[in-house]
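Counted from 1, the sequence shown has number 161 at position 19 by our numbering; the numbering is strictly sequential.
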Amino acid sequence: MKAYKAGALRGALTSAWVALAYDLIAKYRELSAMGDAAATAFLQSWDNATAAGDTAKLLQLEAGILEDATANTQVVNRIARTHLERLRVDRHLCAHPAFSAEADLFEPSPELVRLHLVNAVDLVLSREPLQGKAIFDLYDVDVQSPGFPTAYERILDYVEQRYLARVRAQNVRNFGTVLAKSLLKGVPAQWEPLHRKIIPSLVTVRDRAPQAWPDIFAAIVRLIDNLEPGNRPRAVAFIAAFPDFWPQLQDATRTALQATVNNAIPAALADYRILAGVTVPQFRAALLERFPITLRRNQPRRDNFDIPRVRSV
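Below, the structure is given as structure tokens:
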């Protein structure tokens, strides 16, 4: 800004790029401290080149930092990258004589400089270092660890503070869909025994990231409508936990789920999560008829099934 006000327009553009690159490195250090492996890998290369005085390597890393910030850490989205790449090109025109003929020295207009300054501030400098796709790797390790809370309300607070507060909106939507897919399809396999943690995590997304929930809700409806027959008992348990989905399903899907419950054979039952459907009016009578002793004995307890019912909104 000082260079711009002094009329040194080439100096202003050059300084804007330096500030942008410096800020991205600073954001990477924060993300690395939060466990982002992509940020850590880039910083290791950067710090090693700095310690060795390897100018060529540093220039290479600087040239690729926008691509890395878009593809790996997702600090920058693809639209922002397009604008910022133009700043990098114009910076080269300003700083390197080889990019222009001596008689045709690049002279940026004040309007162009202001545009680049606004983009640098709006797209990077003013933004918090939000996590991108690293959220999935972090959650995968965390949810399997003994440090992940087990009490329902504590899980809500924990997931909000650790995974929703500093994650990009698009990744919140993806996060919610991945949680639902785990419950409906059993992937990834290592989350199979963790339903009591996965369900409250999805509830957290619903209740504490409401702006993302409509897209997640639509994606989950599509998942259930296209579910393989072998996963229908999971869908029954999911509906028991999230009853708001039932009216939104296709008629054929509701028929298939109802028949899955009606035709359940106690002696051949392999997935006991279907018993959670006793809390759903459409499934209750059939399940009580087929599993009267088990369900009536355990029914008063809220948490007797793998997937507890949660408050609908």
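Using N, Cα and C, we set each Cβ at its ideal position, and we do this for glycine too.
Quick caveat, the model's predicted, so the values are computed rather than measured.
Item	Value
Any beta-carbon of chain B closer than 9 Å to the one on residue 339?	Absence of chain B from the displayed structure is noted, only one protein chain being present.
Smallest Cα separation from residue 222: which of 269, 179 and 250?	269
Is there contact here, the segment 409-425 with the segment 377-385, by at least three beta-carbon pairs under 8 Å?	yes
So, do the segment 297-307 and the segment 250-261 have three or more beta carbon pairs nearer to each other than 8 Å?	no
When you compare the segment 417-434 with the segment 396-404, are there three or more beta-carbon pairs, one atom per stretch, that lie closer than 8 Å?	yes
Consult DSSP for residue 329 and reduce its assignment to one of helix, strand or coil.	coil
Let me confirm a value: residue 450 is counted as buried when at least 16 other C-beta atoms fall within 10 Å, else exposed. Which label applies?	Caution is warranted here: a pLDDT of 46 is assigned to residue 450, below 50, making its placement in the model unreliable, and the coordinate value is therefore given only provisionally. It is buried - the Cβ of residue 450 has at least 16 other Cβ atoms within 10 Å.
Per DSSP, what kind of secondary structure is residue 309 in: helix, strand or coil?	strand
Only counting the same chain, and skipping five residues up and downstream in sequence, which positions put a Cβ closer than 8 Å to that of residue 229?	155, 158, 159, 162, 258, 261 and 262
Hey, is residue 202 close to the ligand PLP, as in C-beta under 8 Å from one of its heavy atoms?	As for the ligand PLP, it is missing from this structure, which has no ligand bound.
Within a Cβ cutoff of 8 Å, which residues of the same chain sit near residue 179, ignoring the five residues on either side of it in sequence?	276 and 279
In whole angstroms, give me the CA-to-CA distance for residue 333 and residue 165.	37 Å
Taking all protein chains shown into account, decide if residue 410 is buried (16 or more other Cβ within 10 angstroms of its Cβ) or exposed.	exposed
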